[in-house]
Amino acid sequence: MLNRIDLRGSALTDGIDRDLLPRAELDVEAALERVRPICDDVRHRGTEALIEYAERFDGVRIEQVRVPREALRRALAELDPAVRAALEESVRRARIVHREQRRTDTTVQVVPGGTVTERWVPVERVGLYVPGGRAVYPSSVVMNVVPAQEAEVGSVAVASPPQRDPGNAWGAGLPHPTILAACELLGVDEVYAAGGAQAVAMFAYGTQECRPVQLVTGPGNVYVAAAKRLLKGRIGIDAEAGPTEIAVLADDTADPAHVAADLISQAEHDTLAASVLVTPSVELADAVDRELAVQVPATKHQQRITEALTGRQSGVVLVDGLDEGLTVVDAYAAEHLEIHTADASAVAARVRNAGAVFVGPWAPVSLGDYCAGSNHVLPTGGCACHSSGLSVQSFLRGIHVVDYTRDALAEVTHHVVTLAEAEDLPAHGAALKARFEWKVPDAT
Numbered sequence: 032m033l034n035r036i037d038l039r040g041s042a043l044t045d046g047i048d049r050d051l052l053p054r055a056e057l058d059v060e061a062a063l064e065r066v067r068p069i070c071d072d073v074r075h076r077g078t079e080a081l082i083e084y085a086e087r088f089d090g091v092r093i094e095q096v097r098v099p100r101e102a103l104r105r106a107l108a109e110l111d112p113a114v115r116a117a118l119e120e121s122v123r124r125a126r127i128v129h130r131e132q133r134r135t136d137t138t139v140q141v142v143p144g145g146t147v148t149e150r151w152v153p154v155e156r157v158g159l160y161v162p163g164g165r166a167v168y169p170s171s172v173v174m175n176v177v178p179a180q181e182a183e184v185g186s187v188a189v190a191s192p193p194q195r196d197p198g199n200a201w202g203a204g205l206p207h208p209t210i211l212a213a214c215e216l217l218g219v220d221e222v223y224a225a226g227g228a229q230a231v232a233m234f235a236y237g238t239q240e241c242r243p244v245q246l247v248t249g250p251g252n253v254y255v256a257a258a259k260r261l262l263k264g265r266i267g268i269d270a271e272a273g274p275t276e277i278a279v280l281a282d283d284t285a286d287p288a289h290v291a292a293d294l295i296s297q298a299e300h301d302t303l304a305a306s307v308l309v310t311p312s313v314e315l316a317d318a319v320d321r322e323l324a325v326q327v328p329a330t331k332h333q334q335r336i337t338e339a340l341t342g343r344q345s346g347v348v349l350v351d352g353l354d355e356g357l358t359v360v361d362a363y364a365a366e367h368l369e370i371h372t373a374d375a376s377a378v379a380a381r382v383r384n385a386g387a388v389f390v391g392p393w394a395p396v397s398l399g400d401y402c403a404g405s406n407h408v409l410p411t412g413g414c415a416c417h418s419s420g421l422s423v424q425s426f427l428r429g430i431h432v433v434d435y436t437r438d439a440l441a442e443v444t445h446h447v448v449t450l451a452e453a454e455d456l457p458a459h460g461a462a463l464k465a466r467f468e469w470k471v472p473d474a475t
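What follows is the structure in structure tokens.
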């Protein structure tokens, strides 16, 4: 079923051309021109524009964008107890991990009388986007809200698209009730029925109902990514998330049933989702194909999964050995990377580029999606070679506080003046000379 790319016999010691590897196409630049007028419209008309876009894009007429508090309380009260228990456990584990990520201020004495302190200050207000298209993602509420709360962000708002058929008895026009329940469970009472680029614009510019934010995080479709790119600078962003992806590095010790199931689990997200197996074992690749032929027809979303697995973004990459396999997965820089090899921990320790690494047969990506304690908002599209997943650090800013005494400044003034004049910026040096009656202290 999976397409094959045979790199055996190739010299991979000097790296690999990333264009040779499977990858979904995500034309954010083309989407920019579609979202620009939407964002401008929200900027000028605010809530009125959001209501019209809800009807146009989500197929539902809403009266207000902000979700009433009573709807949040009711969603949690009516939530399936088993789902609530699972969400509570997901939150508990996420807090355990993210609480340890909180940075502490550090003060360094550079010279006697001269210190630099790095203070870690949370963003004042953030907007968290939770998708609501083919699937419902209360887990994304957890993954966005928990690190923001652990970073002690002062104000948190959530946006998720309004639903035509939300699956409850109290009407359409609100985000999915499980999304609302997760927000209430986490103590977030500022929730908006807004999706797509218009939600990002709402956060960036503010509306009659929503104050502007400084940072927007959370996954979304290409239009959400395009709006983030367009508005970056006015707001901070976590990343331009693309279609989800999994890479599996496996040798002949891997269980093909496990590998196939994990490839399917990511393909279930979207027809553009990428599922890539990297292996030196043709026998394993053949066995995985046989497993896919059995497992895919038994899935609920067979058509979507089949389209994703047979698309150009998915496939098997055959390599000569695990060293070459590591070269390939580092070049691919997967959002999720599973290691199914002998001595998987040692192999995982050699990985340099991945959003998250899952070690061995008992740590599948699905665990990370919900209850590992790790965060599932991760870099896609090869961005893991330079970017990290969402964490407490995403919501913090490091501020350097410089504190020098007169004597400490006097001791270094001649160096500052010299460098300022070397850069033809004499006024920089003059700012120090003025403090010492225009006399540079004797360097000796």
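The sequence shown begins at 32 in our numbering and counts up by one. Just so you know, even glycine gets a beta-carbon here, dropped at the ideal spot from N, CA and C.
Look at the region 50-119 and you find these whole runs of alpha helix (DSSP H), each 4 residues long or longer: 59-76, 78-88 and 100-108.
Counting the other Cβ atoms within 10 Å of the Cβ of His417 gives fewer than 16, which makes it exposed. Assignment of Glu442 by DSSP, reduced to helix, strand and coil, places it in the helix class. For the pair of segments examined, the region 67-85 was found to touch the region 221-228: the number of CB pairs separated by less than 8 Å reaches three. In this structure, the CA atom of Thr78 is about 36 Å from the CA atom of His332. Rounded to the nearest whole angstrom, the C-alpha separation of Arg115 and Gly40 is 52 Å. If you draw a straight line from the Cα of Val96 to the Cα of Tyr254, it is about 20 Å long. With a cutoff of 9 Å on beta-carbon distance, Gln180 and Leu217 are scored as near each other. The beta-bridge partner set that DSSP reports for Thr310 consists of Leu349. Rounded to the nearest whole angstrom, the C-alpha separation of Leu33 and Ala298 is 12 Å. Bounds of the beta strand (DSSP E) holding Glu276 are Glu276 to Ala281. In the three-state reduction of the DSSP assignment, Gly267 falls in the strand class, which pools E and B.
In the assembly as shown, Phe467 is an exposed residue. Its beta-carbon has fewer than 16 other beta-carbons within 10 Å.
Secondary-structure assignment with DSSP links Leu159 through a beta bridge to Val189 and Thr248. Val360 counts as buried, since at least 16 other C-beta atoms from the protein chains shown sit within 10 angstroms of its C-beta. By the Cβ test, the region 117-126 is not in contact with the region 144-160, since fewer than three Cβ pairs between them sit closer than 8 Å. Looking at the backbone, the Cα of Val307 and that of Val290 are separated by about 10 Å.
Arg67 has its alpha-carbon roughly 32 Å from the corresponding atom of Arg100. DSSP places Pro153 within a strand segment (E or B) once states are collapsed to three. Secondary structure of Gly144 (DSSP, three-state): coil. Among the bridge pairs identified by DSSP, His371 is matched with Ala281.
The beta carbons of Ala365 and Gln326 sit no closer together than 9 Å. Considered as a whole, the region 383-443 harbours 387-390 and 427-435 as its complete beta strand (DSSP E) runs of no fewer than 3 residues, in chain order. In this structure, Glu155 and Gly185 form a Cβ contact; the two beta carbons are roughly 5 Å apart against a cut-off of 8 Å. Comparing alpha-carbon positions, the option among Leu205, Gly404, Val388 and Ala102 lying closest to Asn175 turns out to be Gly404. Looking only at Ala125, Glu64, Leu368 and Glu454, the smallest Cα-Cα distance to Val177 is reached by Ala125. Classified as buried, Leu294 has 16 or more neighbouring CB atoms from the shown chains inside 10 Å of its CB.
In this structure, the alpha-carbon of Cys70 lies about 44 Å from that of Val139.
Ala224 has Ser191 as its beta-bridge partners, per DSSP.
Contact between Ser296 and Pro53 is ruled out by a C-beta separation of about 17 Å, above the 8 Å threshold. If you look at Asp37, you'll find it in the beta strand (DSSP E) that goes Arg35 to Asp37. The three-state secondary structure of Thr341, taken from DSSP, is helix.
Ranking Thr248, Leu262, Ala292 and Asp283 by CA distance to the CA of Ala272 puts Thr248 first. In its chain, beyond the 5 residues on either side, Gly144 have a beta carbon closer than 6 Å to the beta carbon of Thr436. By the Cβ criterion, the region 156-166 is in contact with the region 238-246, since at least three pairs of Cβ atoms, one from each stretch, lie closer than 8 Å. A straight-line Cα-Cα distance of about 11 Å links Ala316 and Leu280.
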